[in-house]
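Student: Order-wise, the sequence lines are chains G and X. Note that the numbering used here has the first sequence beginning at 7, numbered continuously upward. Note that the numbering used here has the second sequence beginning at 7, numbered continuously upward.
2 protein chains.
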Amino acid sequence: MARPKDDSKIPAIYEATLRLVLETGFNGLKMADVAREAKLATGTLYIYFKNKEVLINELYFYLKKNKVTQMMSVSDPTDSFQVAFKKLWWNYFTISLNEPERMKFIEQFTHTSYLTKKTKQQGDLLLKPLEVFLADGIKQGIIKKLPVALVLSQLMGPIIEIVKLHYDGSLKINSALKEELFAMAWASIRK
Amino acid sequence: MARPKDDSKIPAIYEATLRLVLETGFNGLKMADVAREAKLATGTLYIYFKNKEVLINELYFYLKKNKVTQMMSVSDPTDSFQVAFKKLWWNYFTISLNEPERMKFIEQFTHTSYLTKKTKQQGDLLLKPLEVFLADGIKQGIIKKLPVALVLSQLMGPIIEIVKLHYDGSLKINSALKEELFAMAWASIRK
DNA sequence: ACTTTAAGTGAATGAATATTCATTTATATT
DNA sequence: AATATAAATGAATATTCATTCACTTAAAGT
Chain G
7 MARPKDDSKI PAIYEATLRL VLETGFNGLK MADVAREAKL ATGTLYIYFK NKEVLINELY
67 FYLKKNKVTQ MMSVSDPTDS FQVAFKKLWW NYFTISLNEP ERMKFIEQFT HTSYLTKKTK
127 QQGDLLLKPL EVFLADGIKQ GIIKKLPVAL VLSQLMGPII EIVKLHYDGS LKINSALKEE
187 LFAMAWASIR K
Chain X
7 MARPKDDSKI PAIYEATLRL VLETGFNGLK MADVAREAKL ATGTLYIYFK NKEVLINELY
67 FYLKKNKVTQ MMSVSDPTDS FQVAFKKLWW NYFTISLNEP ERMKFIEQFT HTSYLTKKTK
127 QQGDLLLKPL EVFLADGIKQ GIIKKLPVAL VLSQLMGPII EIVKLHYDGS LKINSALKEE
187 LFAMAWASIR K
């Protein structure tokens, strides 16, 4: 009975926000700039997102969800633990290198007061399947018997740091290096 | 010939800034709040620091320098590589756990537009001795032959992540876990 | 004691920018 | 075609701070 919302606007806003945040840091993020970049009026932004905080929180969750989904997409229940682990690690690392913007955004906001507790929790929840997977590797006696959170940190930590190096051009990652890095990751957690 | 500056004010300002940044994120950091917390007038802040950006940059460098100095303090040229490595790793990890605020602050700002290029450079320079140390381990054939920056990332990444877990109470690190973590770090880089 | 100089003060300023709102436009329903 | 409704607009408003500055206070030299 009235004009409908334009579905294409939310992705446009997300893209604009992501680009601007990475360019200027989130301090520099201005709602007016987001609107201009997404080709809509400032006020229109507020039809789709209640305010700046909500925009950031929803974008964060959207990106994290996409990323985790993409990572898990290679999982195949018939694989052995070792095979599945390599697939997952490789996939995650590749994704992170290919879309460092997304990773940097997520990283940048994870430990910031801009994110509400709720968003953080929802984000953490996404990693549950991965935790279950690792817990299974522990139960099978394939990887070290340690708190899963710790194993995850051991795996994610280097990736986060290395993607940052790669992103700012201080280190070029080729396939051989990737293999070496996988070997390091595996050596650190295997029993 | 005039009233002298009060040496105790800079540490007070640093402490106040550090506390407030960790509480509210650096978006929320207000110069008026820093002044109140450090028990001086807003204007006085500007006698000691030209502006907010300078304050953040100097605090960053101050903290990083302290940290690196403290870490390197255990180094002893007569130690073997393995012994020296364990000492350094252990020391660094312990320091990070004991002063997570400092680490979180450094982490938070390292990849932020608030930091000037110059500050970043000066900060990186502090790690030179550590890079030399690792390069030596490579030359001796004790650790994997890989870019030093990469080895550093592999070592620092997990520590950063694990300190965050420890900081927000989701994981308690005891001495046994520390040994396990060291074993993981070593396993990942040894030849 | 007096003078000079710089530190210290905090209210006032002004710039930046998030959000609102009166108005216009588009579309779905009748 | 007419009407109703909600989207879209962007100028106007409100708020939030970083920074300044006119003034006060304290210390050092004479």
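Quick reminder that beta carbons are idealized off the backbone N, C-alpha and C, glycines included. As the structure is a prediction and not an experimental result, all values here were calculated from the model.
1) Is it right to say X/G34 is buried, meaning 16 or more other beta carbons lie within 10 angstroms of its own, or is it exposed?
2) Measuring CB atoms only, is the stretch 157 to 171 of chain X touching the stretch 161 to 177 of chain G, in the sense that at least three cross pairs come out at less than 8 Å?
3) Listed in chain order, which residues of the stretch 106 to 126 of chain G have Cβ atoms closer than 8 Å to some Cβ of chain X?
4) Could you say which of X/Y120, X/V138, X/K145 and X/A90 lies nearest to X/E6 if we only look at CA atoms?
5) Is G/P135 closer than 9 Å to G/S181 when the C-beta atoms are compared?
6) Quick check: what's the CA-CA separation for G/A90 versus G/L156?
7) According to DSSP, is G/R9 part of a helix, a strand, or is it coil?
8) In this structure, how does DSSP classify G/I149 when only helix, strand and coil are distinguished?
9) In chain order, what residues of the same chain have a beta carbon less than 7 Å from the beta carbon of G/L51, not counting five sequence neighbours either side?
10) For X/P185, does the count of other Cβ atoms within 10 angstroms reach 16, so buried, or fall short, so exposed?
11) So which residues of chain G does X/M77 contact, with C-beta pairs closer than 9 Å?
12) Spatial neighbours of X/Y68 within its chain, please: CB distance less than 7 Å, with the 5 preceding and 5 following residues excluded, ordered by chain position.
13) Across which residues does DSSP place X/R196 in a beta bridge pair?
14) Using 10 angstroms around the beta-carbon of X/S217, count the other beta-carbons present and answer buried if the total reaches 16, otherwise exposed.
15) Threshold first: 4 residues or longer. Then list the alpha helix (DSSP H) segments lying entirely within the stretch 98 to 154 of chain X, N to C.
16) With burial defined as no fewer than 16 other Cβ atoms inside 10 Å of the residue's Cβ, what is the status of X/G143: buried or exposed?
17) Within the continuous alpha helix (DSSP H) that includes G/I53, where are the two ends?
18) Please determine, among X/L133, X/A191, X/H117 and X/K124, the residue with the shortest C-alpha to C-alpha distance to X/T75.
19) For X/K15 and X/T30, what's the separation of their Cα atoms in angstroms?
20) Buried or exposed for G/A47, please, with buried defined as at least 16 other CB atoms from any protein chain shown within 10 angstroms of its CB.
21) Helix, strand or coil, according to DSSP, for X/A44 in the structure here?
22) Just the Cα atoms here: how many angstroms apart are X/F87 and X/Q127?
Tutor: This is what the structure gives:
1) exposed
2) yes
3) K110, E113, Q114, H117, T118, S119 and Y120
4) This structure cannot settle anything about residue 6 of chain X, because the visible part of chain X is limited to 7 through 197.
5) no
6) 19 Å
7) coil
8) strand
9) I19, M37, V40 and A41
10) Per the sequence presented here, residue 185 of chain X reads as Glu, with Pro not at that position. With fewer than 16 other Cβ atoms within 10 Å, it is exposed.
11) None at all; the shortest Cβ gap to chain G is about 17 Å.
12) Y20
13) X/I149
14) Since the first residue shown for chain X is 7 and the last is 197, residue 217 of chain X is missing from the structure and cannot be characterised.
15) 106 to 116, 123 to 131 and 134 to 145
16) buried
17) T48 to Y54
18) X/L133
19) 22 Å
20) exposed
21) coil
22) 27 Å
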